[in-house]
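Data first, discussion second: the structure below is written as structure tokens.
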Amino acid sequence: MPLGAAGDEDAAAVTGPSSAGEPAAGMEFASPEEARAFYCTYAARAGFRVRSSKSFASRIDDAIIMRRFVCTRQGLPSRKDTLLDASKKRRNRASARAACPAMLQLDNPAFCYAVQIDRSGCIANFIWVDARARSLYRRFGDAVVLDLTCRRNRRAVPFAAFTGMNHHRQAIVFGCALMTDESENSFAWLFETWLAFMGGKKPMSFTIGYSRDVEMAAMKVFGGDVRHRFCRRDIFFICKQKLASLYSEHSTLKDELKECVTELERIDEFESTWRMLLSKYNLFGNEWLQTIYSIRHQWVPAYLKDSFFGEIINAPKLETMFKFFQRSSITTTTLRDIAFQFDKAIARDYQTELQEDFATFSSKPVMKSSHPMEKQASELYTKVMFDLFQDELIESSGFLVQNVESGDISRFEVTQSENANIRYTVLYSEPRASVSCSCHKFEFAGVLCRHALRVLTAIGIPVLPENYILKRWTRNAKNNILSQVPANTKGSLAWRCNDLCRDGIRFAEEGATSEEIYKTAKEALQKAFAEILPQITHSTTASFEEKRLYYCTRTPIVCLVVNEEPRPSAIWSLGYMGHNRTREQQEEQR
Numbered sequence: 001m002p003l004g005a006a007g008d009e010d011a012a013a014v015t016g017p018s019s020a021g022e023p024a025a026g027m028e029f030a031s032p033e034e035a036r037a038f039y040c041t042y043a044a045r046a047g048f049r050v051r052s053s054k055s056f057a058s059r060i061d062d063a064i065i066m067r068r069f070v071c072t073r074q075g076l077p078s079r080k081d082t083l084l085d086a087s088k089k090r091r092n093r094a095s096a097r098a099a100c101p102a103m104l105q106l107d108n109p110a111f112c113y114a115v116q117i118d119r120s121g122c123i124a125n126f127i128w129v130d131a132r133a134r135s136l137y138r139r140f141g142d143a144v145v146l147d148l149t150c151r152r153n154r155r156a157v158p159f160a161a162f163t164g165m166n167h168h169r170q171a172i173v174f175g176c177a178l179m180t181d182e183s184e185n186s187f188a189w190l191f192e193t194w195l196a197f198m199g200g201k202k203p204m205s206f207t208i209g210y211s212r213d214v215e216m217a218a219m220k221v222f223g224g225d226v227r228h229r230f231c232r233r234d235i236f237f238i239c240k241q242k243l244a245s246l247y248s249e250h251s252t253l254k255d256e257l258k259e260c261v262t263e264l265e266r267i268d269e270f271e272s273t274w275r276m277l278l279s280k281y282n283l284f285g286n287e288w289l290q291t292i293y294s295i296r297h298q299w300v301p302a303y304l305k306d307s308f309f310g311e312i313i314n315a316p317k318l319e320t321m322f323k324f325f326q327r328s329s330i331t332t333t334t335l336r337d338i339a340f341q342f343d344k345a346i347a348r349d350y351q352t353e354l355q356e357d358f359a360t361f362s363s364k365p366v367m368k369s370s371h372p373m374e375k376q377a378s379e380l381y382t383k384v385m386f387d388l389f390q391d392e393l394i395e396s397s398g399f400l401v402q403n404v405e406s407g408d409i410s411r412f413e414v415t416q417s418e419n420a421n422i423r424y425t426v427l428y429s430e431p432r433a434s435v436s437c438s439c440h441k442f443e444f445a446g447v448l449c450r451h452a453l454r455v456l457t458a459i460g461i462p463v464l465p466e467n468y469i470l471k472r473w474t475r476n477a478k479n480n481i482l483s484q485v486p487a488n489t490k491g492s493l494a495w496r497c498n499d500l501c502r503d504g505i506r507f508a509e510e511g512a513t514s515e516e517i518y519k520t521a522k523e524a525l526q527k528a529f530a531e532i533l534p535q536i537t538h539s540t541t542a543s544f545e546e547k548r549l550y551y552c553t554r555t556p557i558v559c560l561v562v563n564e565e566p567r568p569s570a571i572w573s574l575g576y577m578g579h580n581r582t583r584e585q586q587e588e589q590r
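Below, the structure written as structure tokens:
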């Protein structure tokens, strides 16, 4: 059955697995046909027949993104138009439509969503992820933030978002949710569903707001192989409420507390300064300060430096979702309107990313030295990341280096020329071409620090080692998104088709981002197809049956049902199931 056909009815329920249970949200199927067979098997047991109903196509490429199967008696009789020719007669047949609510809705993986229902049958939570979010996650999903700032403001919508940053240090979205239930189980459901939409690939780090329920859910789903932390901004926001009277009484306390947390790089410095603050303002008995101190390993940067969060201290802050909603004038309306407004706002922000791409490739950075490392970085990093690296390189000249230990791993002491009391230890291994600093800036932010750069310059290394240039910060971060040609290409026709379909979906995600890019992508596809079509026609390596199968499967459904991510289950998922009546109730209505 071609995808998108509507109105066909089964004379009898299609044969399916006899052990099939009742439809439920979150179920997945290998194809629309398999889903239909499952539902027809269930319908036969429940006492009704199935027909195909609505299907929705993508606004980008006309691909089918939703498919709905309903009871043959679903809906109400339509009012027929009067015949123009009065001489013709129409048979007066009774309609079988009786407003039956039984329904099975399927959705395409290019746009994924899931609904969590509460005990009363109402929607508790709703999550959706589009194709662009999945594409961004493949490149920049190493550091993820759960943004709940809209939930913090009671006038805003109950909106949550999985966010990150791209190679221009702009905020990007990996998925969205509307949540009316903030229990631990609901967040666990949210994380599990989102992770499944992303093919099971976990981030390196995960930042959440200060909430024990969210923390427990994150640990349950992501486990110990993902570094978790509480959002420092969120804790400082709560400090404004918990310490409001103290801030009023002591005008300098707020700034001193923030400086203690954000500016101090070493753990011993943080510990001593924290004790000094408590002693200075007599705060040893403050319950809130005791609470955040007990979890300091989960939010104070000095304890998190060995993990990647993509954060650069003192760099411009990323925009929160609440600020994004305010700037985009997204109002509290219906679910559909919120999603539509959000989609339009994201599209506008994507134009800003394209402008940064253009600025990076078209402008020539201003050099501040003759160092070959600076020229190398200007050709690799994006504009904003080069500016940050350039500052580190220029500032490195203000440090002194002393070699205190030589060998396979050499140790250097790096001090400021103006303040010898501030010391950093840099280790360099010549056999492995590796360098590390006690400030852990590279591990935390993905950019080498000025102390390590000073040592590399001192020992005569003119350029950055390749393993210290993170691709996610480079101007080519979005290149090479297609899979490489495998060494063995002798797989089955279905395997080759699936492999090309995966790359085809990724090509479409990028090719549809703007009208100009779409034209270029379309021309490239036409050229590629013109080159391979003669080879297909005259190929002698494929059997007649393989060629017949190839031409039979050259329809959109091939691209849509292929599993893009390495998941054992198929990708067509059950998004909503409206049939919840007993067989006796159905018979009673009929």
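With the first letter of the sequence shown counted as 1, position 335 gets the number 335 in the UniProt record's numbering; the numbers rise by one all the way through.
Where is the CB? At the ideal position from N, CA and C, for every residue including glycine.
Predicted model, so just to flag it, every value in this text is computed and none were measured.
The way I'd put it, the stretch 459–466 doesn't touch the stretch 275–290; fewer than three beta-carbon pairs between them come closer than 8 Å. Distance from the CA atom of TYR39 to the CA atom of ALA24, rounded to whole angstroms, is 11 Å. Close CB contacts of LYS471 within its chain, under the 8 Å cut and outside five residues either way in sequence, are with ALA477 (chain order). By the Cβ criterion, the stretch 294–310 is not in contact with the stretch 276–286, since fewer than three pairs of Cβ atoms, one from each stretch, lie closer than 8 Å. About 28 Å separates the Cβ atoms of ARG475 and PHE342, ruling out a contact at the 8 Å cut-off. As for any beta strand (DSSP E) of minimum length 3 sitting wholly inside the stretch 144–188, the runs are 159–165 and 171–179, ordered along the chain. Burial check for ILE422: the Cβ neighbour count within 10 Å stays below 16, so the residue is exposed. C-alpha of PHE159 to C-alpha of CYS176: approximately 7 Å in a straight line. Pairwise C-beta distances place the stretch 210–230 out of contact with the stretch 246–261, as fewer than three of them are shorter than 8 Å. Around ALA161, the same chain offers ASP147, VAL173, CYS176 and MET321 as residues with beta carbons nearer than 6 Å, after the five sequence neighbours per side are excluded. Taken in chain order, the whole beta strand (DSSP E) runs of length 3 or more contained in the stretch 451–476 number zero. Secondary structure at TRP299: coil, using DSSP grouped into helix, strand and coil.
It is roughly 11 Å from the alpha-carbon of TYR468 to the alpha-carbon of LYS441. Closest by C-alpha distance to GLY398, out of CYS449, LYS522, VAL384 and ALA143, is CYS449. Taking GLU256 as the centre and dropping the five residues before and after it, the same chain places the C-beta of LEU277 closer than 7 Å to its C-beta, in chain order.
Comparing alpha carbon positions, the residue from ARG45, THR41 and THR72 closest to SER52 is THR72.
The alpha carbon of GLN298 has as its nearest neighbour, out of ARG233, GLN535 and VAL404, the alpha carbon of ARG233.
Counting along the chain, the unbroken alpha helix (DSSP H) around PHE270 starts and ends at 267–280.
For the 9 Å CB-CB criterion, ALA512 and PRO465 do not form a contact.
Nearest Cα to THR207 within the set ALA302, TYR137, GLU311 and PHE126: GLU311. For SER369, the secondary structure class from DSSP, reduced to helix, strand or coil, is coil. In the displayed model, CYS439 falls within coil according to three-state DSSP, outside both helix and strand. Of the other Cβ atoms in all chains shown, fewer than 16 fall within 10 Å of the Cβ of SER183; this residue is therefore exposed.
ARG169 sits close to VAL384, with the two beta carbons spaced by under 9 Å. Spanning the alpha carbons of LYS522 and SER363 requires a straight line of approximately 28 Å. Taking 9 Å as the cut-off, the beta carbon of LYS323 is found closer than this to the beta carbon of THR149.
Put simply, of VAL129, LYS220, PHE222 and THR163 the residue whose alpha carbon is nearest the alpha carbon of PHE197 is VAL129.
For a cut-off of 8 Å, the C-beta gap from THR193 to ALA114 is around 5 Å, short enough to register as a contact. Residue range 423–429 is occupied by the beta strand (DSSP E) that includes LEU427. Around the beta carbon of ILE127, 16 or more other beta carbons sit within 10 angstroms, so the residue counts as buried. In the DSSP assignment, THR291 falls within the alpha helix (DSSP H) that extends over 287–294. According to DSSP, TYR381 shares a beta bridge with THR474. Collapsing the DSSP output to three states places PHE48 in coil. Nearest to SER186 by alpha-carbon distance, out of VAL221, HIS250 and PRO372, is VAL221.
LEU264 has its alpha-carbon roughly 40 Å from the corresponding atom of ASN125.
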